[in-house]
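Structure follows, in structure tokens:
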């Protein structure tokens with residue numbers, strides 16, 4: 001580091017150029033969000049830009065829009081259940097993949113990570129064909145199974161990353177001190193890998209809450225989730241209520257991330 | 001004879017069929033209150049042995065008996081042992097106090113009892129004032145002490161130490177050596193200590209098991225393994241040694257501790273006195289002499305001397321190491337720096353030793369017929 005300093009030029013033109021580049025990239029990524037935000041307060045009759053005046057009527061509309069409220073309820077039930085199931089399945093799978101040597105390990109690993117690589121439209125189509133005869137279409141079970149399949153890779157990935165950096169002798173130490181397998185898991189392993197588990201859970205929640213393709217295929221008519229309702233709404237009407245709803249969704253996602261970050265951050269600070 | 005605290009009988013570990021065993025029919029008796037060092041190079045099976053005693057690894061064959069009870073297949077969490085790991089393995093999400101209390105909680109002792117014993121254990125390692133600290137805030141030496149307190153607070157049947165000092169810097173390592181030993185003696189905890197550091201083993205242990213290739217080469221007190229190595233490996237691994245092939249000519253009397261004085265003949269160099277186990281007369285044995293037990297004189301002195309020429313002199317502060325070429329052998333000698341005549345390369349030197357410092361290894365040298373030239377058989381380690 002100190003050596004590099006010796007040759008540091010007084011002014012490096014690359015630096016502001018890099019700054020501008022980063023700014024433009026962020027602008028590019030965030031522009032759609034900003035527009036949605038602005039439009040949600042615009043008094044234009046139809047979804048359009050630029051705004052003609054300021055109004056809160058779209059936000060006031062939301063609670064009365066039963067399709068949105070129902071969709072929100074379905075999506076929350078699904079996302080919460082999916083998160084619980086996917087953690088209960090994903091964490092043990094990650095543990096097994098990390099700790100045990102077995103013959104088909106590579107196969108099992110790619111099996112659990114494969115939903116990441118397959119286009120979700122393909123998965124969704126397969127699920128409709130499979131769920132039809134099983135009477136799982138238009139049921140919570142159907143949506144939840146579909147969402148578990150696409151979110152489990154995230155939980156396995158983040159948990160595996162936490163496991164890779166843990167010292168297994170902590171578990172050995174706990175066992176020698178008299179702890180049985182379950183106690184070791186609950187009191188030693190789980191707290192140590194907690195950051196990865198929580199990160200995986202948050203991602204699973206957001207992905208499930210946000211998922212449209214599988215929900216659309218599996219349960220459009222009977223049990224529409226919020227993204228499905230949004231899609232339908234945009235098809236039929238063109239007012240800015242959807243923009244207001246989008247802002248609310250962004251805030252929910254943001255709140256989840258902030259709450260978790262705060263909780264974990266606080267925990268770390270106390271350590 | 002007192003009943004052993006720990007008996008290891010024919011303990012064997014084979015990681016995979018077809019591989020050489022990592023531990024090969026190992027036998028050992030450990031007395032109550034002793035600290036036994038398992039000493040050897042990496043891959044000698046010392047850690048594998050320790051992990052089998054701890055229960056972290058299943059033996060392929062053999063048995064482990066503690067206090068007269070066989071525990072070979074007792075689950076690890078039912079053995080009541082304490083272990084200190086090389087990486088300390090403190091629980092990162094608990095503070096110092098919680099770490100130390102963990103074993104007591106598993107034993108479901110009362111809260112009051114826990115509090116009292118944790119405080120006692122922390123005082124023992126002189127870290128009572130850090131009870132509420134998080135472990136990541138502690139230095140390596142402090143973490144080491146907490147790990148020791150955590151292992152000892154449960155009053156373990158055996159204390160197992162797996163290279164506990166390897167991650168510390170040299171100065172701290174010596175302090176911790178003394179401290180671990182004094183705590184071990186105060187608590188009278190029977191201890192197995194894995195190390196690759198001969199100084200640690202010599203300094204701390206009541207008994208040393210020198211291991212090589214899954215076998216114990218020698219099991220004895222520090223002075224026994226240093227002064228009376230039973231194999232070339234032991235002589236080589238612990239300290240430095242000169243090896244000379246010596247034909248044993250005759251007994252010249254009984255020495256202390258059941259040993260015998262011998263006259264031996266070393267090719268080209270003459271006849272000398274040495275000691276060894278009884279009954280060596282007539283065969284050729286390797287004679288072990290430690291470099292600092294060789295006297296170096298620049299003038300002929302006495303009759304039983306090896307005359308040679310100084311080849312190399314190296315100054316190491318406390319001592320001067322001198323390489324002396326005699327015939328086609330090179331012998332290493334070490335003399336204190338305070339000696340009057342400072343040797344120089346090219347000077348004539350005369351080496352001599354006390355008879356009891358020249359020890360004949362019990363195993364006869366196979367090429368006793370002298371088929372190999374002396375220079376190839378003799379070497380310096």
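Protein chains in written order, with our numbering: chain A, 1 to 271; chain B, 1 to 381. By construction, the Cβ of each residue, glycine as well, lies at the ideal position given by its N, Cα and C atoms.
So which residues on chain B does residue 169 (chain A) lean against when the C-beta distance must stay under 7 Å? Looking up residue 169 (chain A) in the first chain gives position 169. Correct list: 85, 87 and 89.
Review point. Using the C-alpha atoms, what's the distance from residue 124 (chain A) back to residue 44 (chain B)?
Key: As a first step, residue 44 (chain B) is located in the second chain; it is residue number 44 there, counting from the start. As a first step, residue 124 (chain A) is located in the first chain; it is residue number 124 there, counting from the start. Residue 44 (chain B) and residue 124 (chain A) have their C-alpha atoms roughly 57 Å apart.
Query - Contact list for residue 103 (chain B) against chain A, beta-carbon separation under 7 Å - result: Translated into the one-based positions of the second chain, residue 103 (chain B) becomes position 103. For residue 103 (chain B), the neighbours in chain A by C-beta distance under 7 Å run, in chain order, 177 and 178.
Check your understanding: What do you reckon, are the CB atoms on residue 195 (chain B) and residue 37 (chain B) nearer than 9 Å?
Key -> Taking the second chain and counting its residues from 1, one reaches residue 195 (chain B) at position 195. Taking the second chain and counting its residues from 1, one reaches residue 37 (chain B) at position 37. With respect to the 9 Å criterion, residue 195 (chain B) and residue 37 (chain B) are classified as neighbours on the basis of their beta carbons.
Under 9 Å between beta-carbons, which chain B residues line up against residue 192 (chain A)? List them in chain order, please. The count along the first chain starts at 1 and reaches residue 192 (chain A) at position 192. One finds 91, 92 and 93 in chain B with Cβ atoms closer than 9 Å to the Cβ of residue 192 (chain A), taken in chain order.
* Under 7 Å from the C-beta of residue 188 (chain A): neighbouring residues of chain B -> For the purposes of this step, residue 188 (chain A) is identified with residue 188 of the first chain, where counting begins at 1. Correct list: 91.
Can you find a C-beta in chain B that's less than 9 Å from the C-beta of residue 183 (chain A)? As a first step, residue 183 (chain A) must be located in the first chain, where it is residue number 183. Contact with chain B is found for residue 183 (chain A), since one of that chain's Cβ atoms lies less than 9 Å from the residue's Cβ.
- prompt: Name the DSSP beta bridge partners of residue 332 (chain B), please?
  reply: As a first step, residue 332 (chain B) must be located in the second chain, where it is residue number 332. Residue 332 (chain B) is bridged to B:323.
Discussion item. Out of B:318, B:303 and B:326, which one is the CA nearest neighbour of residue 310 (chain B)?
Written reply: Numbered from 1 along the second chain, position 310 holds the residue referred to as residue 310 (chain B). Checking every option, the nearest Cα to that of residue 310 (chain B) belongs to B:326.
**Request:** In angstroms with no decimal places, state the Cα-to-Cα distance between residue 163 (chain A) and residue 188 (chain A).
**Result:** Locating residue 163 (chain A) in the first chain gives position 163, counting from the first residue. Locating residue 188 (chain A) in the first chain gives position 188, counting from the first residue. About 12 Å.
**Report entry** Residues of the segment 287 to 312 of chain B whose Cβ lies closer than 7 Å to any Cβ of chain A, in chain order
**Finding:** Of all residues in the segment 287 to 312 of chain B, none has a Cβ within less than 7 Å of some Cβ in chain A.
Q | DSSP three-state assignment for residue 147 (chain A), whether helix, strand or coil | A | As a first step, residue 147 (chain A) is located in the first chain; it is residue number 147 there, counting from the start. In the displayed model, residue 147 (chain A) falls within a helix according to three-state DSSP.
*In terms of alpha-carbon separation, which member of A:148, A:200 and A:79 lies closest to residue 154 (chain A)?*
Position 154 of the first chain, counting from 1, holds the residue named residue 154 (chain A). Of A:148, A:200 and A:79, the residue nearest in Cα terms is A:200.
query = Could you give the C-beta distance for residue 86 (chain B) and residue 166 (chain B), rounded to a whole number, given that I count them as a contact under 8 Å?
reply = As a first step, residue 86 (chain B) is located in the second chain; it is residue number 86 there, counting from the start. As a first step, residue 166 (chain B) is located in the second chain; it is residue number 166 there, counting from the start. Yes, they are in contact, since the Cβ atoms of residue 86 (chain B) and residue 166 (chain B) sit about 5 Å apart, within 8 Å.
Close Cβ partners of residue 148 (chain B) (< 8 Å) along its chain, the five nearest in sequence each way excluded: Mapped onto the second chain, residue 148 (chain B) falls at position 148. Around residue 148 (chain B): 84, 125, 164, 180 and 183.
Check your understanding: Taking the C-alpha atoms as reference points, what is the distance between residue 36 (chain A) and residue 66 (chain A)?
Key -> Position 36 of the first chain, counted from the start, is the residue given in the question as residue 36 (chain A). Position 66 of the first chain, counted from the start, is the residue given in the question as residue 66 (chain A). Taking the straight line joining both Cα atoms gives about 22 Å.
Practice item. Report yes if the C-beta distance between residue 40 (chain B) and residue 313 (chain B) is below 9 Å; otherwise report no. Key: On the second chain, residue 40 (chain B) is found 40 positions in, with the first residue counted as 1. On the second chain, residue 313 (chain B) is found 313 positions in, with the first residue counted as 1. Contact annotation: residue 40 (chain B) and residue 313 (chain B) have beta-carbon atoms that are not nearer than 9 Å.
Notebook entry, point to check: Quick one, are the C-beta atoms of residue 296 (chain B) and residue 360 (chain B) less than 9 Å apart?
Noted result: Residue 296 (chain B) sits at position 296 when you count from the first residue of the second chain. Residue 360 (chain B) sits at position 360 when you count from the first residue of the second chain. No. Outside cutoff.
- Query: So, are the CB atoms of residue 33 (chain B) and residue 189 (chain B) less than 9 Å apart?
  - Reply: Locating residue 33 (chain B) in the second chain gives position 33, counting from the first residue. Locating residue 189 (chain B) in the second chain gives position 189, counting from the first residue. One thing to note: residue 33 (chain B) has its Cβ within 9 Å of the Cβ of residue 189 (chain B).
With 9 Å set as the bound, which would you pick, yes or no: does the beta-carbon of residue 226 (chain A) sit closer than that to a beta-carbon of chain B? As a position in the first chain, residue 226 (chain A) is number 226, starting the count at 1. It does not: the Cβ of residue 226 (chain A) has no partner Cβ on chain B nearer than 9 Å.
Nearest-angstrom Cα separation, counted from residue 193 (chain B) out to residue 378 (chain B): Here residue 378 (chain B) is taken as the residue at index 378 of the second chain, counted from 1. Here residue 193 (chain B) is taken as the residue at index 193 of the second chain, counted from 1. Only weak support is given to the placement of residue 378 (chain B): the predicted model assigns it a pLDDT of 48, under 50, and the value that follows is read from those uncertain coordinates. So the alpha carbons of these two residues sit roughly 34 Å apart.
- Helix, strand or coil for residue 292 (chain B) per DSSP? If you number the second chain from 1, residue 292 (chain B) lands on position 292. Helix.
On a CA-only basis, which of A:171, A:251, A:140 and A:245 is nearest residue 57 (chain A)? Give me that one, please.
Counting from 1 along the first chain, the entry for residue 57 (chain A) is found at position 57. Between residue 57 (chain A) and the set A:171, A:251, A:140 and A:245, the nearest pair of CA atoms involves A:245.
Quiz item: Considering only residues of the same chain and omitting the five flanking positions on each side of residue 152 (chain B), which have a CB-CB separation below 8 Å?
Solution: Residue mapping note: residue 152 (chain B) aligns to position 152 of the second chain, counting from 1. Result list for residue 152 (chain B): 82, 121, 124, 159, 183, 187 and 189, in chain order.
task = Check whether the Cβ atoms of residue 238 (chain A) and residue 113 (chain A) sit closer than 9 Å, and answer yes or no.
result = Your numbering for residue 238 (chain A) matches position 238 in the first chain. Your numbering for residue 113 (chain A) matches position 113 in the first chain. Using a Cβ distance threshold of 9 Å, residue 238 (chain A) and residue 113 (chain A) do not count as a contacting pair.
Enclosing alpha helix (DSSP H) for residue 205 (chain B) [first to last residue]: In the second chain, residue 205 (chain B) corresponds to position 205, counting from 1. Where residue 205 (chain B) is concerned, there is no enclosing alpha helix (DSSP H), given that its DSSP letter is neither H nor E.
Pick helix, strand or coil for residue 245 (chain B), following the three-state DSSP scheme.
-> Here residue 245 (chain B) is taken as the residue at index 245 of the second chain, counted from 1. DSSP, read as helix, strand or coil, puts residue 245 (chain B) in strand.
- Message: For residue 38 (chain B), report the span of its beta strand (DSSP E) as first-last.
- Response: Locating residue 38 (chain B) in the second chain gives position 38, counting from the first residue. Following the DSSP letters along the chain, one finds residue 38 (chain B) inside the beta strand (DSSP E) bounded by residues 35 to 39.
Item checked: DSSP beta-bridge partners of residue 276 (chain B) -> Taking the first residue of the second chain as 1, we reach residue 276 (chain B) at position 276. In DSSP, residue 276 (chain B) forms a bridge with B:260.
query: Considering only C-alpha positions, which residue in the set A:209, A:55, A:198 and A:143 is nearest to residue 222 (chain A)?
result: What you label residue 222 (chain A) is simply residue 222 of the first chain in a count that begins at 1. Here the closest residue by C-alpha is A:143.
| query | What residues in the segment 61 to 84 of chain B have a beta carbon less than 9 Å from any beta carbon of chain A? | reply | 75, 76, 77, 78, 79, 80, 81, 82, 83 and 84: these are the residues of the segment 61 to 84 of chain B whose beta carbon lies less than 9 Å from some beta carbon of chain A, given in chain order.
Checklist entry - Comparing the C-beta of residue 150 (chain B) with each C-beta of chain A, is any distance below 9 Å? => result Stepping through the second chain from its first residue, residue 150 (chain B) is reached at position 150. Closer than 9 Å: yes.
**Study point:** Residue interval of the beta strand (DSSP E) (run including residue 123 (chain B))
**Key:** The residue given as residue 123 (chain B) occupies position 123 in the second chain. For residue 123 (chain B), there is no enclosing beta strand (DSSP E); the residue is part of the alpha helix (DSSP H) that begins and ends at 111 to 124.
- Item | Start-to-end residues for the alpha helix (DSSP H) that takes in residue 142 (chain B) | As a first step, residue 142 (chain B) is located in the second chain; it is residue number 142 there, counting from the start. In the DSSP assignment, residue 142 (chain B) falls within the alpha helix (DSSP H) that extends over 140 to 152.
Note to self: Which residues in chain A have a C-beta closer than 7 Å to the C-beta of residue 154 (chain B)? List them in chain order.
What the structure shows: Here residue 154 (chain B) refers to the residue found at position 154 when the second chain is read from its first residue. Chain A residues near residue 154 (chain B): 177.
### Query
Is any beta-carbon of chain B found at less than 9 Å from that of residue 31 (chain A)?
The residue given as residue 31 (chain A) occupies position 31 in the first chain. Chain B, which has no Cβ nearer than 9 Å to the Cβ of residue 31 (chain A), makes this no.
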